[in-house]
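Comments concern the structure below.
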Amino acid sequence: DQRLASACPSPCYELVRCLQDMGETAAAALLLETAPQPTGSTPVDQLWQAEHAIVAGRPGEAYQALQGAWESASGVAAEVADRMAHYAQGQGDPVLAAEAARRALENLPTPERRAAHALSLSKLGRAHESQTSLSSASPSAEERIVLGMALAGQSQPAEARAALESVVEEVL
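In my numbering, the protein residues as written are 55 to 226.
Structure follows, in structure tokens:
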């Protein structure tokens with residue numbers, strides 16, 4: 055029993071899933087029994103908790119653990135993409151900055167990320183695409199600033215001014 059667990063240090067989801075897929079549920083259960091129980095709240099810990107719950111026949115608990123892992127992983131992926139976009143911008147790589155900003159927005163959409171993505175598109179000379187990416191029902195101040203910049207880039211000074219003035223009015 056202990057040899058099986060030591061052969062596959064925690065977490066070893068692939069082996070557990072492989073055993074389950076092969077119909078070796080008893081071996082998968084044995085592997086999970088002998089492995090240390092996860093106690094943290096990282097996405098990896100939550101995946102391991104889900105595997106334990108699946109083997110133990112607790113689908114509700116498995117779903118909760120998987121949902122938590124998904125949300126945590128999305129947040130982490132968005133943060134990594136935010137950092138990559140900032141780094142790329144600092145390195146003078148607007149293409150990578152735009153791609154990273156897009157990935158951050160996909161992983162965890164926020165008004166700030168929408169504005170950052172639109173700004174990165176604007177810096178690539180894609181003002182129209184930048185403008186359309188901001189079309190939300192109630193844009194944030196950040197989004198309206200970027201919209202003003204995009205409109206100015208499209209030679210629409212009156213619209214740009216209106217977008218920027220709306221932010222100034224809100225702040226004051």
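All residues carry an ideal CB built from backbone N, CA and C; glycine is no exception.
Nothing here was measured: the structure is a model prediction, and the numbers come from that model.
Secondary structure of GLU78 (DSSP, three-state): coil. Setting aside the 5 residues that flank it on each side, LEU178 is surrounded in the same chain by PRO148, VAL149 and ALA152, each with a C-beta closer than 8 angstroms to its C-beta; the list follows chain order. In this structure, ALA195 is the residue among CYS72, ALA116, ALA195 and SER209 with its C-alpha nearest to the C-alpha of LEU218. Between ALA154 and ALA139, the gap from beta carbon to beta carbon is short of 7 angstroms.
ALA214 and PRO165 have their C-alpha atoms some 19 angstroms from each other.
When the alpha-carbon of PRO163 is set against those of SER184, GLU133 and LEU175, the nearest one is in GLU133. Residue environment: VAL70 is assigned as buried (16 or more neighbouring CB atoms within 10 Å of its CB, all protein chains considered).
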